[in-house]
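K.L.:
The structure's right below; bear with me while I get my questions together.
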Amino acid sequence: MKNACFHFLIFTLFILTSCSKKTDLQEQQSLFESLPPQKTGVDFINTLNETEEFNIIEYLYFYNGGGVAAGDINNDGLIDLYFSSNQGPNKLYLNKGGIVFEDITLKAGLASEGPWKTGVTMADINGDGLLDIYVSRLGNWKTVVGRNELYINNGDLTFTESAEEYGLAFQGFSTQAAFFDFDKDGDLDMYLLNHAVHTERSYGGAESRYFDDGLAGDRLYRNNLESGEKKFTGITPQAGIFSSKIGYGLGIGISDINNDGWPDIYVSNDFNENDYLYINQKDGTFKEQISSGVNYSSRFSMGSDFSDFNNDGWIDFITMDMLPRDEIIQKMSAGEDSEEVYQLKLGFGFERQVSRNSLQLNNANGTFSEIGQYSGVYATDWSWAALFGDFDNDGWKDLFVTNGIVRRPNDLDYMNFVTNPEIEDGLQNKPNISDLELAGKMPPGDVGNFIFRNNGDLTFKDVSQEWGLSGNGISNGAIYADLDNDGDLDLVINNINQPAGIYENRLGHFSDSSKTVNYLKVRFDGLGLNKFGIGSRVELYYKDQIQVQENFTSRGFQSSIAPEVHFGFDGVQYLDSLKVIWSSGKSETLKNVKANTTLVLNESNATDTSTPAANTKASLLRILDEESTGIDFQHIENEFNDFNTEPLLPHKLSQEGPALAVGDLNGDGREDVFVGGASGQPGAVFIQSKKGRFDQVDQPLLEEDSNLEDVSAVFFDSNGDGFLDLLVGRGGNIQLPNDQGESTKIYLNDGKGIFDQKVKLSLEPNAQVSVVKAADFNGDGMEDLMIGGRNVAGKYGYTPKSYLLQNIGGNNYVNRTKEYAPDLEFIGMVKDAVWQDLDLDGNLDLIVVGEWIPITIFMNRGGKLNNETNSFGLEKSKGWWNSIAAEDINGDGYPDLVVGNLGLNSRLKASQEQPVKMIVNDFDENGTSEQIISYPVDGEYYTVATKDEIVKQMPSLKKKFLRYRDFAGKDVEELLTYLNTKEAKYLEAHLFESIVLVNQNGLDFRLEKLPAEAQFAPIEAIEVLDVNQDGYLDLVLGGNKTGASPYYGAYQGSWGQVLIGDSLGNFKTDTQNRLKIRGDVRGIKKVSVNAFTWLIYAKNDDALEVVQIDEAKPFK
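In the working numbering, each number is its position in the sequence shown, counted from 1, plus 5.
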């Protein structure tokens, strides 16, 4: 079997019309019609033949398929097609009109015989106004010896291969080429995307990316045509481009990602290596900045596309991965790394990754929020090409995805066959098995393609069946194009072992309508050597809306679209204006542009100079550095892996600090700051000076307790001496030996801001505290304490104790929970709470939130806290609540509630009808508890945990599920038949949105969901204040949760949000005051510093961050 065993073991390790159209897409009508080869004349098939000498075992990317290039090769106004074949001849088809094509491959000289062709690109490389073709190939690998090819268009439907002449005859592992004018000298340069293969050199850390690899590394070539030389020069290292053995490049995207008028580069890398985001430095070089603007990317990144899908004027993008949507396939496929392996990769210098599609929303400030799970496009199985296009001409770009693989090498039963020595006939015991027999052990991976309709609200709806994309297959490269010039986008797909797919868009054939939709097609007539206007940006303005398209052609996977752009829009016959910005920087604005036409823009008419519009209003929020604030504190989380003791946890409970509190400690009228430490690190106190700077003061008592984990804190006057004391709640999810429940303590203030005494509170041993709140609930003039129990250490799901401690004077506290708040004691796993007089009766009420519990309302009735959650209509509000704030946001005098939840950017989806569930018990009666979290699929519930995770915790199930296919598809009900469910705890979550509860005269609440941007991550911190100084309260939010289990991946969709209030309880995203708060925010507190308001952000395992709110000035 030669090297099959060696190479595949490495692989397994890495995987671990011309008039207005009326449209109403009825159920019986499909938007797309699949046209057979007999009708179109396109009879191309990418036939794949595996041999013992060359196959998936010998070449990692044997199943990646071929691409499609689209363009008008003879300038007759019709889009022609060129397909790449991995092993057979490529094919060129001339469009004869009416979606009928003629095969002119042989006449054109474009067969490109022999293996192994990958991506194809059409581009006018020599600036003569004719599209040439560049073919990427595999070369110098095993028996494959080809080089990349450049076919120059002779203008008579023939082409001449000229790669050597132009300096582009690269030999190596090429995937795709992209042509663009990166240096703005007027001609098209080339980025060549290459891929590595698994060898003994494939191991190593991130530093490997700095060392050149002759075969696998990417290449950047500068076109010298502007100086009269028909030659490209390699400038890869000089330009700052990585070209290494760990660059598994499968996707290339060119886009002006930061709206500065210069094209940037995005590379999708398979396996461990980061994706690359190269920002154009405007001097012939690029700076790789993935780590500064993207919190995480796809782990097995494949195809990609770049487009402004939310119509805000900024380019967003998507990268594809291979997370199955089908429940059975998902449980049979290798998923995320374990926590240990994940941390190991981070230690090697790689960035965070997730094994799913990543949809990156451009925040217009150099950052992106990944929202694939929120948008509903995160799981499309083994996906290759992604294409954003407005397929129904409604003004919003939809998403098409190609899908499928010949066989699934990540099938867990197959991987077990390869690696497990206990399998008698497995590879370990029969190493001489042939490559073909080994490959045959992989299950087939033919599936359907996807198309998602853009809902216009950052979400997409799967309309694959409804729009006519039915049937399974193996689809790779694809393009969209208006093949018949009727104003809508058709689809062309390169399939393996099936005829190429030609899907005619039937939008123009629908007459039954409820609305009018229109289109505009834009073509380009550029000056100089860039005749097709590559790199041009077109902006449409109409009805207070904007649409943007860029004329870059290499898109999707191994494919390139025609050099033209298409817009759809409804309800207007004339656009207010159209602005084109050419790659040269010249611009032109047209007014009253007629719809339903093909517009040819001429660069010779562009007399202005312009760049894309950026934000023009200055932000009121300014980040202050440590030097100016004096607040120099780095929270250092101690090393502790919760998953080692509780592998089925949804997230770590040991990373919930630091605590943060604000108050005047020394009585000078200025607010001071306390920030808590992790275990092994003392908390710190910062005293504000007259100059508006903070100085840290020594606190010996805090030093003494540095072994404790500070999770929550509050300043209050414990003993009535007029000075603020400090209560610190401790947690960390670790059972400390000999702990008697005295870790949560009060530190008494000596009046000068120094804590000189401790007061221990008697809580249960190893009490894990999440929140501490002080208030005089009984009106006796002394502040009492509510202490929330987070969890029982090491037993997630079991109910901890929470407390109501009455202050009886002399720093003495009595537990009155059973007497005054009996439903509080075992309310559940508390995360936050707030005291507030909800009904304005003069008594402070208590609102408590937490995981798997409802927003719980304790009304103060004469000193007794009654649970009146049901009467407020909140009994079905169980969620994964994290935070709560209470303020009168609508000015009616009644306090309203802002409540932070998990958010909607998660694999888990919950509703009142179909909640997420968790069952907790010692299921196998071995003395340890297990958590079975499950989610609904078509009315049945399936475990989050995989077979391996379940069996590891409950070994008795191993004989029930010997193979992964035995476990896949088994619902929780069946699983429980094998387990002890006596005394099991059943928990549910119905709601994951973060919300506002608008108080209805103290009797009820009106629920309002916070805007989409507030749902991108868990909200862990809330501050309410008037940010924009318009007299209405706004919201400042922070969150993220890095310590989620591998199944969920790190929740990092938030960069900090400001939501602007309208005084009615409604909020919208503040696009002026955008933040760049990276990391896991655990607290936000406002602090008055002289004439300014500062916002202090406390972040887990990170430095404090301080933001100043500047004075609002009228915008001129």
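Every residue gets a Cβ at the ideal spot worked out from N, C-alpha and C, and that includes glycine.
1) Keeping to the same chain, check which residues put their C-beta closer than 7 Å to that of S360; ignore five residues upstream and five downstream.
2) Between A989, A973 and T948, which lies nearest to E930 when the distance is taken from Cα to Cα?
3) Assuming V956 is part of the beta strand (DSSP E), what are its boundary residues?
4) Answer yes or no: do N408 and N454 have a C-beta to C-beta separation smaller than 7 Å?
5) Below 8 Å CB to CB, which residues in the same chain sit around N743 once its five sequence neighbours on both sides are set aside?
6) By DSSP's criteria, S475 is part of a beta bridge. Which residues make up the other side?
7) Tell me whether V527 is buried or exposed, calling it buried when 16 or more other Cβ atoms sit within 10 Å of its Cβ.
8) If you drop the 5 nearest sequence neighbours on each side, which residues of the same chain put their C-beta closer than 6 Å to that of D467?
9) By Cβ distance, which residues of its chain are closer than 7 Å to D416, with the 5 residues on each side in sequence left out?
10) Mark Q31 as exposed unless 16 or more other C-beta atoms lie within 10 angstroms of its C-beta, in which case mark it buried.
11) Where R357 and R675 are concerned, what is the direct C-alpha to C-alpha distance, given to the nearest angstrom?
12) Just curious, the alpha helix (DSSP H) that S633 is in, first and last residue?
13) Let me check one thing: in DSSP terms, what residues is I84 bridge-paired to?
14) Thinking N1045 and S1059 are a contact (beta carbons under 8 Å), I'd like their distance in whole angstroms, please.
15) Given V1029, which residues of its chain have a CB within under 8 Å of its CB, disregarding the five upstream and five downstream residues?
16) In this structure, does DSSP put T238 in helix, strand or coil?
17) For the putative contact between K965 and Y983, defined by C-beta atoms under 8 Å, what is the C-beta separation to the nearest angstrom?
18) Between E555 and P617, what straight-line distance do the alpha-carbon atoms span, to the nearest angstrom?
19) Could you check where the beta strand (DSSP E) with L1100 kicks off and where it finishes?
20) Go to D440, then tell me how far its alpha helix (DSSP H) extends in each direction, as first and last residue.
21) So, using beta-carbon positions, are D710 and P663 closer together than 7 Å?
22) Whose C-beta lies closer than 6 Å to the C-beta of D761 among residues of the same chain, with five residues either side of it excluded?
23) Do you know how far the Cα of V690 is from the Cα of L1109?
24) Please confirm whether V452 and N477 have their CB atoms less than 7 Å apart.
25) On the CB-based measure, 16 or more other CB atoms within 10 Å of its CB, does V346 come out buried or exposed?
26) Secondary structure at R970, three-state DSSP: helix, strand or coil?
27) So, are the CB atoms of Q365 and N910 less than 7 Å apart?
28) Rounding to the nearest angstrom, what Cα-Cα distance links Y803 and E661 in this structure?
29) Quick one: any contact between the segment 431 to 443 and the segment 391 to 406, if contact means 3 or more CB pairs under 8 Å?
30) Please confirm if Q936 has its CB atom under 7 Å from at least one CB of chain C.
31) Between I636 and A1103, what straight-line distance do the alpha-carbon atoms span, to the nearest angstrom?
32) Quick check on the DSSP output: the beta strand (DSSP E) that includes V456 runs from which residue to which?
33) Can you tell me whether T290 is helix, strand or coil according to DSSP?
34) Closest to V942 by CA distance: which of V925, I924, D927 and E918 is it?
35) Can you tell which of N502, K952, V853 and L198 has its C-alpha closest to the C-alpha of R560?
36) Here's the rule: buried if 16 or more other CB atoms are within 10 angstroms of the residue's CB, otherwise exposed. What is K657?
P.N.:
On the basis of the data shown:
1) If we look at S360 and ignore the five residues flanking it on each side, its Cβ neighbours are R304, F305, D326, L328, G340 and E341.
2) Checked all of A989, A973 and T948; the closest Cα to E930 is A989.
3) Note, V956: premise wrong, no beta strand (DSSP E); alpha helix (DSSP H) at K952 to Q958.
4) The Cβ atoms of N408 and N454 lie closer than 7 Å to each other.
5) Nothing meets the Cβ criterion.
6) DSSP output for S475 lists no bridge partner at all.
7) Its Cβ being crowded by 16 or more others within 10 Å, V527 is buried.
8) Result list for D467: F457, in chain order.
9) Within its own chain, the residues whose Cβ lies closer than 7 Å to the Cβ of D416, once the five positions on either side in sequence are excluded, are M337, S338, M447 and P448, listed in chain order.
10) The predicted position of Q31 is uncertain, since its pLDDT is 49 and thus under 50; no value can be drawn from it.
11) The straight-line gap separating the alpha-carbon atoms of R357 and R675 is approximately 41 Å.
12) Judged by DSSP secondary structure, S633 falls within the alpha helix (DSSP H) whose first and last residues are E631 to T634.
13) DSSP output for I84 lists no bridge partner at all.
14) With a beta-carbon spacing of about 5 Å, N1045 and S1059 fall inside the 8 Å limit used to define contacts.
15) Around V1029: A890, E892, I894, V903, L1038, D1039, L1040 and V1041.
16) Annotated three-state conformation of T238 is strand, per DSSP.
17) Right, the Cβ-Cβ distance comes to about 6 Å (below 8 Å), so this counts as a contact.
18) A direct Cα-to-Cα measurement between E555 and P617 gives close to 11 Å.
19) Its beta strand (DSSP E) spans residues F1097 to K1104.
20) Boundaries of the alpha helix (DSSP H) harbouring D440: D440 to A444, taken from the DSSP string.
21) The answer is no: Cβ separation not under 7 Å.
22) Cβ within range, chain order: D755.
23) Approximately 13 Å, taken between the alpha carbons.
24) The Cβ atoms of V452 and N477 sit closer than 7 Å to each other.
25) Under this definition V346 is an exposed residue.
26) It is helical.
27) Cβ distance not < 7 Å, so Q365 and N910 don't count as in contact.
28) So the alpha carbons of these two residues sit roughly 18 Å apart.
29) At 8 Å Cβ cutoff, the stretches do not touch.
30) In the structure shown, chain C cannot be found, because there is only a single protein chain.
31) I636 and A1103: Cα-Cα distance of roughly 11 Å.
32) First, the residue type needs correcting, since residue 456 is Ile and not Val in the sequence shown. Here the beta strand (DSSP E) through I456 covers F455 to N459.
33) DSSP places T290 in coil when its eight states are reduced to three.
34) The shortest C-alpha separation from V942 is found at E918.
35) Minimum Cα distance to R560 is reached at L198.
36) Per the 10 Å Cβ criterion, buried.
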